[in-house]
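K.L.:
Residue numbers (this note's numbering), protein chains in the order written: chain A, -12 to 444; chain B, 699 to 896.
See below:
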């Protein structure tokens, strides 16, 4: 029988500490919609999404009400759209993205991911069409998110693709100049992109996934932060391993909520349950911040020496607690550090405590990468390509996912404040300490070979 | 002889002290009784016991009550014996799923009654109820209830909120699986048996 303290702990997590299910994401394979006629293909994609996701939102709402847990977002991840575009051009890609956008309106989801291309070893006709379509596709749709995987540990890094994507990011930002380059916030560039990630903007349904599947992303940085606060309130003399234990146990509870909700939504929809992504994903709200967790751990100024160790410890403890809580952990799973979406991290960048270089170091031990970072409008494609290459190198060598979501804000200068609103948050334009001098390296193009892992020091 | 002759619900209430449970269960044991269910708690300093015992023979309820009372030094001890068939205790009062109701906020007279009134109107059976007044500004009431399958849970939640939130109280009604999932160790699949496929 549950005792009062157990009941109270759960009530507190949900009612006071912002525990929610960040997303229930329906994976839908679109490959059956492929065809030579672009208009017919777009129509088939629209129908496919509408039918598969017809009951997603109402069922998720019923389950959310049953448990009194907010399922903040209901989303869709489709199989990589570049496959559908093989016989087509960029213009068809734009029509395809717009058809998917209309489908999102019809079924009531807020974002759709999978307008994606996997180009780690080479770029096919369809993948090139998709990349070329990105500026218009992202500027003319509200719900569609894109991703491009430019490297893997097995394949190395496609430097030609990196340079192409860097140039495309500038075109995307320019195409959405009227909203301060917001289009670039809907593109994630990956190394080792996971195939079952439910979080946006990098969600997609990979090649080995079922026809339809329910994946869940839980959150709860506020729960972890408050657990650490209580730990210190009970006894201020705590060691780091005691903090790690507290985080681990808390992550267990948080992940179990996602596991429960995911299983039930999948069962009600008659679909397979895929994975729980046990990420600590922040929002711009006070009390829903990963940066606040590091502060609670004793890093008063994010970016100070020791911050990377704190990220490593948190990320590891979250994975340990979460992996025991779930029958299938996947996606990105760990601690996110999206600058604009986390007020504490964003403030640290604004104050100059947290630099792009320190963020890069933190991404070596966090679960994602350089995420939601604003850059000056005059940032060159070579600088962007260098940032992507560096981040991909960390992921490829460390056999982990790294994602890059950088937004060169048209016309914006270093230190300028930009606000996208909502979950995308606000931030200050930053830049690498040394933005130039890499041009020759980037323009060489070609391919960075896959790293050897038998000599691993 | 049927079950009613052999099975008794026994309740006792008296000011708490060390050894009450020993005294009462000792008499039951000596009378040939075997405990099949038991709940004991202390409320406001008062020891409160409810238990079910099956006896080999068919003891006289009045003599059984007198024997228990005689073994307690407290003259104001309240002991009751109710003969009942064993099956009575096993039959559920409501068929449905279990939820946890929680109300928090400033203490005010009538709040438990207000909740209980709504539950009764919807056929919701209250199985366990705890009222924690250690902080009167944030009194916490938690109930384990069975909600009939035919009951519209969202309507019930709405009704509870509508009744209590105007008085500054936060109210929630959540399926018990969310509490079990976050507090128990075990596969989630085990909690899924009652979930319908739509």
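Where is the CB? At the ideal position from N, CA and C, for every residue including glycine.
Just so you know, these numbers come straight off a predicted model, no measurement behind them.
Mind pulling the chain B residues with CB within less than 8 Å of residue 52 of chain A?
P.N.:
Counting from one through the first chain, the residue named residue 52 of chain A turns up at place 65. Per Cβ cutoff of 8 Å: 851, 852, 855.
K.L.:
Residue 699 of chain B to residue 756 of chain B, Cα distance in whole Å?
P.N.:
Position 1 of the second chain, counted from the start, is the residue given in the question as residue 699 of chain B. Position 58 of the second chain, counted from the start, is the residue given in the question as residue 756 of chain B. Residue confidence for residue 699 of chain B is low, a pLDDT of 46 falling below 50, so the modelled location carries little weight; the figure read from the coordinates is stated next. Whole-angstrom Cα-Cα distance: 8 Å.
K.L.:
Please report the distance separating the alpha-carbon of residue 739 of chain B from that of residue 385 of chain A.
P.N.:
Looking up residue 739 of chain B in the second chain gives position 41. Looking up residue 385 of chain A in the first chain gives position 398. Cα to Cα, the separation comes out at about 56 Å.
K.L.:
Around the Cβ of residue 421 of chain A, are there at least 16 other Cβ atoms within 10 angstroms (buried) or fewer (exposed)?
P.N.:
For this step, residue 421 of chain A is matched to residue 434 along the first chain. Counting Cβ neighbours within 10 Å, residue 421 of chain A comes out exposed, since fewer than 16 surround it.
K.L.:
Are the C-beta atoms of residue 250 of chain A and some chain B residue less than 8 Å apart?
P.N.:
Looking up residue 250 of chain A in the first chain gives position 263. Yes, contact with chain B.
K.L.:
What separation, rounded to the nearest whole angstrom, lies between the Cα atoms of residue 748 of chain B and residue 218 of chain A?
P.N.:
Against the second chain, residue 748 of chain B aligns to sequence position 50. Against the first chain, residue 218 of chain A aligns to sequence position 231. About 38 Å.
K.L.:
If you draw a straight line from the C-alpha of residue 288 of chain A to the C-alpha of residue 335 of chain A, how long is it?
P.N.:
On the first chain, residue 288 of chain A is found 301 positions in, with the first residue counted as 1. On the first chain, residue 335 of chain A is found 348 positions in, with the first residue counted as 1. Their backbone Cα atoms lie some 7 Å apart in a straight line.
K.L.:
With 9 Å as the C-beta to C-beta threshold (strictly closer), list the residues of the stretch 861 to 895 of chain B near chain A in chain order.
P.N.:
Hits within the stretch, in order: 868, 870, 871, 872, 873, 874, 875, 876, 877, 878, 879, 880, 881, 882, 883, 885, 886, 887, 889, 890, 893, 894, 895.
K.L.:
For chain B, is any of its Cβ atoms less than 8 Å away from the one on residue 436 of chain A?
P.N.:
For the purposes of this step, residue 436 of chain A is taken as residue 449 along the first chain, with counting starting at 1. Chain B, which has no Cβ nearer than 8 Å to the Cβ of residue 436 of chain A, makes this no.
K.L.:
For residue 60 of chain A, count neighbouring C-beta atoms within 10 Å of its own C-beta (all shown protein chains included) and say buried if the count is 16 or more, exposed if not.
P.N.:
For the purposes of this step, residue 60 of chain A is taken as residue 73 along the first chain, with counting starting at 1. The residue is buried, with at least 16 neighbouring Cβ atoms inside 10 Å.
K.L.:
Name the two residues that bound the continuous beta strand (DSSP E) containing residue 825 of chain B.
P.N.:
In the second chain, residue 825 of chain B corresponds to position 127, counting from 1. From DSSP, the beta strand (DSSP E) with residue 825 of chain B extends over 823 to 830.
K.L.:
For a quick check, are the C-beta atoms of residue 871 of chain B and residue 854 of chain B less than 8 Å apart?
P.N.:
What you label residue 871 of chain B is simply residue 173 of the second chain in a count that begins at 1. What you label residue 854 of chain B is simply residue 156 of the second chain in a count that begins at 1. Yes, the Cβ-Cβ distance between residue 871 of chain B and residue 854 of chain B is below 8 Å.
K.L.:
Does the structure place the stretch 111 to 131 of chain A close enough to the stretch 162 to 169 of chain A that three or more beta carbon pairs sit under 8 Å?
P.N.:
Verdict: yes, contact present.
K.L.:
Taking a contact to mean a Cβ-Cβ separation below 8 Å, would you say residue 50 of chain A touches residue 251 of chain A in this structure?
P.N.:
Position 63 of the first chain holds residue 50 of chain A. Position 264 of the first chain holds residue 251 of chain A. Yes, they are a contact pair.
K.L.:
Given a cut-off of 8 Å on the beta-carbon distance, is the pair residue 245 of chain A and residue 203 of chain A in contact?
P.N.:
Looking up residue 245 of chain A in the first chain gives position 258. Looking up residue 203 of chain A in the first chain gives position 216. Yes, they are a contact pair.
K.L.:
Please report whether the beta-carbon of residue 9 of chain A lies at a distance below 8 Å from any beta-carbon of chain B.
P.N.:
Here residue 9 of chain A refers to the residue found at position 22 of the first chain. Judged by the 8 Å Cβ criterion, residue 9 of chain A is not in contact with chain B.
K.L.:
Considering only C-alpha positions, which residue in the set A/371, A/-10, A/1, A/438 is nearest to residue 428 of chain A?
P.N.:
As a first step, residue 428 of chain A must be located in the first chain, where it is residue number 441. Residue 428 of chain A has its Cα closest to that of A/371, out of A/371, A/-10, A/1, A/438.
K.L.:
Taking the C-alpha atoms as reference points, what is the distance between residue 703 of chain B and residue 724 of chain B?
P.N.:
To locate residue 703 of chain B, count along the second chain from 1; it is residue 5. To locate residue 724 of chain B, count along the second chain from 1; it is residue 26. So the alpha carbons of these two residues sit roughly 20 Å apart.
K.L.:
Does the structure place the stretch 263 to 274 of chain A close enough to the stretch 225 to 242 of chain A that three or more beta carbon pairs sit under 8 Å?
P.N.:
Taking 8 Å as the limit for Cβ pairs, the verdict is that the stretch 263 to 274 of chain A does touch the stretch 225 to 242 of chain A.
K.L.:
With which residues is residue 795 of chain B paired in a DSSP beta bridge?
P.N.:
Here residue 795 of chain B refers to the residue found at position 97 when the second chain is read from its first residue. DSSP lists B/845 as partners of residue 795 of chain B.
K.L.:
On the DSSP letters alone, give me the boundaries of the beta strand (DSSP E) that residue 395 of chain A sits inside.
P.N.:
Taking the first chain and counting its residues from 1, one reaches residue 395 of chain A at position 408. That run of the beta strand (DSSP E) goes 389 to 395.
K.L.:
Taking residue 828 of chain B and residue 867 of chain B to be in contact with their CB atoms under 8 Å, please state how far apart those CB atoms are, rounded to whole angstroms.
P.N.:
As a working mapping, residue 828 of chain B is identified with position 130 in the second chain. As a working mapping, residue 867 of chain B is identified with position 169 in the second chain. 16 Å between Cβ atoms; not a contact.
K.L.:
Enumerated in chain order, which unbroken segments of the alpha helix (DSSP H) with a length of 4 residues or greater are wholly contained in the stretch 76 to 164 of chain A?
P.N.:
The stretch 76 to 164 of chain A contains these whole alpha helix (DSSP H) runs: 77 to 94, 112 to 126, 146 to 162.
K.L.:
Which same chain residues end up closer than 6 Å to residue 376 of chain A when comparing Cβ atoms and leaving out the 5 residues on each side of it in sequence?
P.N.:
Start at 1 with the first residue of the first chain, and residue 376 of chain A comes out as number 389. Closer than 6 Å at the Cβ level, and outside the excluded window around residue 376 of chain A, lie 149.
K.L.:
Which ranges would you report for the alpha helix (DSSP H) in the stretch 12 to 83 of chain A if only whole runs of at least 4 residues count?
P.N.:
Entirely contained in the stretch 12 to 83 of chain A, the alpha helix (DSSP H) runs reaching 4 residues are, in chain order, 25 to 39, 43 to 54.
K.L.:
Give the DSSP-derived three-state secondary structure of residue 699 of chain B in the structure shown.
P.N.:
Position 1 of the second chain, counting from 1, holds the residue named residue 699 of chain B. Because residue 699 of chain B carries a pLDDT of 46, less than 50, the predicted location of this residue cannot be relied on, and the following value inherits that uncertainty. Three-state result, residue 699 of chain B: coil.
K.L.:
Would you call the stretch 188 to 195 of chain A and the stretch 63 to 72 of chain A touching, i.e. three or more CB-CB distances under 8 Å?
P.N.:
With the cut-off at 8 Å, the stretch 188 to 195 of chain A and the stretch 63 to 72 of chain A touch.
K.L.:
Determine the DSSP secondary structure at residue 192 of chain A, reduced to helix, strand or coil.
P.N.:
Translated into positions along the first chain, residue 192 of chain A becomes position 205. DSSP places residue 192 of chain A in coil when its eight states are reduced to three.
K.L.:
Are the stretch 799 to 816 of chain B and the stretch 8 to 24 of chain A touching by the rule of at least three beta carbon pairs closer than 8 Å?
P.N.:
No: the two stretches stay apart, fewer than three of their Cβ pairs being nearer than 8 Å.
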